[in-house]
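Everything below concerns the one structure shown next.
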Amino acid sequence: MASASSSEVKAIDKRTVHQICSGQVVLSLAVAVKELVENSLDAGATCVEVKLKDHGLELVEVADNGSGVAPANFAALTLKHHTSKLSEFDDLLTVSTFGFRGEALSSLCALSDLVVTTCHRTQSVATRIEYDSNGHIKSQTNCAREVGTTISLHNLFHSLPVRCKEFQRNIKKEFSRMVQMLQGYCLISTGVRISCCNHTGKGKRQVVLATSGGSSVKENIVSVFGQKQLQLCVELRECEREEVEVGEGEESDPVIQDALKSFRPEHGVSPFCRLAGYVSRCAHGSGRSTVDRQYYYCNGRPFELPRLSKTVNEVYHTYNRHQSPFVVLDIQTRRDHVDVNVTPDKRKVILQQEKALLLLVKGSLHKIYRSMQGEYEATSVGRQPGPGILASGDQQVSPEVPLHPPPPPTSLWSRLPSLKRPSSHEDSENGDLCSSSPRPKQPKLLDYGIEKREHGYSHETRNKDEESFNHRNKSSVSASPLSGVTTTASTSRTNDWLNSQEKTTESCAWQGSCDRSKTTTRRESAVSKTNVGSVREHTVCCDVSLISQRLRAGLGGVGEGKGGVRSRKFRARIKPDENQSAEQELRKQISKTMFERMHVIGQFNLGFIITRLDTDIFIIDQHATDEKYNYERLQREAVIDHQKLIQPKLLELTAVSENIILDNLEMFRMNGFHFHIDHNAPTQRLRLTSQPVYRGVKLGTDEIDEMVFLLSDNPGEMVRPSKLSQMFASKACRGSVMIGKALSRTEMKKLVVHIGLQNQPWNCPHGRPTFRHLVDLSLL
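Under full-length UniProt numbering, think of the first position of the sequence shown as 1, with each following residue one higher.
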């Protein structure tokens, strides 16, 4: 609450309110173009042309052949909350147009210099109108134009200095997002020709996008992404109620129950929604390496629903986990079941039956992909038999594997039906832990003696072994082993059991205190693969009392102050008001420049470098840090060999992808991709003339798409295809300093300095940490 001494609360002036609210409506270049294109589609246009100068920095212009603006509406066209699409709030339930608030043109007036050129179908002469920042008419003149409207935006975001600078800095990224958004309208708008071109500073015109005004979504997919993309897709239709899958425990959920009821129409009422669109096939190679081509609509309106996108991708990954699907999905439902008035850009909606929709989409996708899997199996049988392919009715028998393999060699447990094998619960009755991992090397005990006995084993000795096993299983010892030490002799009660197939050794490790006594023990005899083998029994004797004395002597001095072993000291005390100080003492921050100042102490275990920085001691993995240095050097400098193609390959790329490649030709050349450019062609100007070959692995169009996607998010940065990065990681690993190599002080210092020269020095390409903080000497 405002205090009494604060200034008086009063209304904000209308100009300031207008600027603040306008900045919330139009957030980016994509939103500005979206609002203008939607106005054209609402006006019934069949041809929409988007023209930009310098990627939209200088000019954004949208022209259409719609109905035009009547002279009576010139003044109210750009005023806030003036629209012809709504008269009252209840009309929102039935609104079918893209826009309905009357905010877009008013906001654009505040953020740019807006000019409208329009000719209504009842007029013989067009009119050019200039508006000021408040949406009022500055000038009005007659001009020549066909029926339709052209809206021009000059100097977008000039009234918002911070946003304007950010817009200029990221103009290419903003341009790519705008084209991505425009592609969504191209796909769903049937019977409408939409084109987009960019004029550079030299006056050169680049066609970025052009559609032919197809009569169906299928034709629009071909116009935007090419025939190949359509061939990799399948039409999506909704499934029936019986085909909907419900997870375990979800049937009792009342929300799920309500969702399931909405599937079956009753009393002539139609189902709650229909699905229409196309999705990638599940065969490997039909999907995409990224999620850049996924478009969702609700009654023809582009929208974003993260849960829907997540469901589609999860289902697709169950059939093709290495790729992501191409999706064009239109959800057709009753308009009064959808709330589109949620965000200013109308991209977020609220669905009345969202849970039912997710179940419907999930079931429909499973139905499609399962049927496709069945089709694949049927067609593989009809092929001509060749190497590795069987004809119908043939049987394939591998000569190395018998049809009826002999039964596995039985162990002692299987030959003792009257005995019950002790379970892990029984073994760990007193807190003992049981594992079946191979026996690790054990630390040397203080004093021990080993008594060895060997005797033959055959089927005749079976009864004796059973009696011996029963007797040993009931015996016990009064000494318990040390905590953290795993023993493998008779007193440690660890049992080795060699299985002829798994070849693993079962061992039991006990951790307990020195005063524990009486733990149950069991021994097992080792049985070899053959019928006759040898069994070794080891007996270890140790002085438990001596171990206890030494352990108490070692623990007695801890925390006793002078003369004893001092524990690590911290300045902060354990108090609620000093929690922040204690956390600060445990937090360390290191920068790349600090590695050059580190003092090399020496090498540890021929694999690690110990360094000191002031009072902090660090341990550095000599192999991991050298591997990361070599990896980043390869990523930055390596030029990949290329193989020239006999015939240049036409690339079916969108105009945006082509422009990204043209802006980064040198980067693609370093990755081994060479292109022939036809500057006179309106679209499909690039042909692949050479493709990279590295260590016998060929890279193709999938890697080009991956690089284009990476460059769209990180323009100007050096990017590599994932296949190439993996091979660089392997090459860097093999060419780096190995564990076990002795290093001179100069070599160790060189490796330490290299850490500070890396872009991301914290982990090697395979995930191993390059260094760790050991101790702060000031706290000892």
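For glycine and all other residues, C-beta sits at the position ideal for the given N, C-alpha and C.
Could you name the residues that DSSP lists as bridge partners for Tyr694? Val697
Residue(s) in a DSSP beta bridge with Phe604: Phe608
Compare the beta carbon distance of Leu688 and Pro648 with 8 Å and say whether it is the shorter of the two. yes
What span of residues does the alpha helix (DSSP H) with Ser657 cover, start to end? Ala655 to Asp663
Please state the DSSP three-state secondary structure of Ile12. coil
I'd like to know whether the C-beta atoms of Leu108 and Ala30 end up nearer to each other than 8 Å. no
For Ala63, count neighbouring C-beta atoms within 10 Å of its own C-beta (all shown protein chains included) and say buried if the count is 16 or more, exposed if not. buried
If you run the structure through DSSP and keep just helix, strand and coil, what is His199? strand
Decide if Leu650 is buried, meaning its Cβ has at least 16 other Cβ atoms within 10 Å, or exposed. exposed
Quick check: what's the CA-CA separation for Ser133 versus Leu57? 18 Å
Name the DSSP beta bridge partners of Lys649, please? Leu688
Would Tyr629 and Gln760 be called neighbours here (beta carbons separated by less than 8 Å)? no
Does the Cβ-Cβ distance between Ile137 and Ala75 come in under 8 Å? yes
Exposure label - Arg177; buried when at least 16 CB within 10 Å: buried
Which of helix, strand or coil DSSP assigns to Glu219: helix
Give a yes or no on contact between the region 38-55 and the region 115-126, applying the rule of three or more CB pairs nearer than 8 Å. no
Report the three-state DSSP secondary structure of Phe675 (helix, strand or coil). strand
Which word fits Lys202, buried or exposed, when buried means at least 16 other C-beta atoms lie within 10 angstroms of its C-beta? exposed
According to the neighbour-count rule (16 or more other Cβ atoms, all chains shown, within 10 Å of its Cβ), is Ala742 buried or exposed? exposed
Would a C-beta distance cut-off of 8 Å place Thr190 and Arg145 closer than the cut-off? no
Cα-Cα, which of Ser280, Ala655, Thr78 and Pro161 is closest to Ser223? Ala655
So, Lys362 versus Thr311, is the Cβ gap smaller than 8 Å? yes
Where does Gly159 sit, in a helix, a strand or coil, going by DSSP? Per the sequence presented here, residue 159 reads as Ser, with Gly not at that position. Coil at Ser159, not helix or strand.
Can the beta-carbon of Phe728 be found closer than 8 Å to that of Gln603? no
Helix, strand or coil for Cys239 per DSSP? coil
Going by DSSP, which residues form a beta bridge with Arg288? Ser324
To the nearest angstrom, how far is the alpha carbon of Gly767 from that of Thr625? 11 Å
Residue interval of the alpha helix (DSSP H) (run including Ala173): What sits at residue 173 in the sequence shown is Lys, not Ala. From DSSP, the alpha helix (DSSP H) with Lys173 extends over Ile171 to Ile188.
Tell me whether Phe89 is buried or exposed, calling it buried when 16 or more other Cβ atoms sit within 10 Å of its Cβ. exposed
Put Leu780 into one of helix, strand or coil per three-state DSSP. coil
Taking only the alpha-carbon atoms, compute the straight-line gap between Val708 and Asn220 and give it to the nearest angstrom. 22 Å
Between Ser324, Ala356, Leu724 and Gly716, which lies nearest to Leu232 when the distance is taken from Cα to Cα? Ser324
If you check the beta carbons only, do Gly213 and Arg193 fall under 8 Å apart? yes
Run through the region 87-149 for me and flag every whole alpha helix (DSSP H) of 4 or more residues, listed as ranges in chain order. 104-111
Can you tell me which of the three DSSP states Arg307 falls into? helix
Could you tell me if Ala110 is buried or exposed, where buried requires 16 or more neighbouring beta carbons within 10 angstroms of its beta carbon? buried
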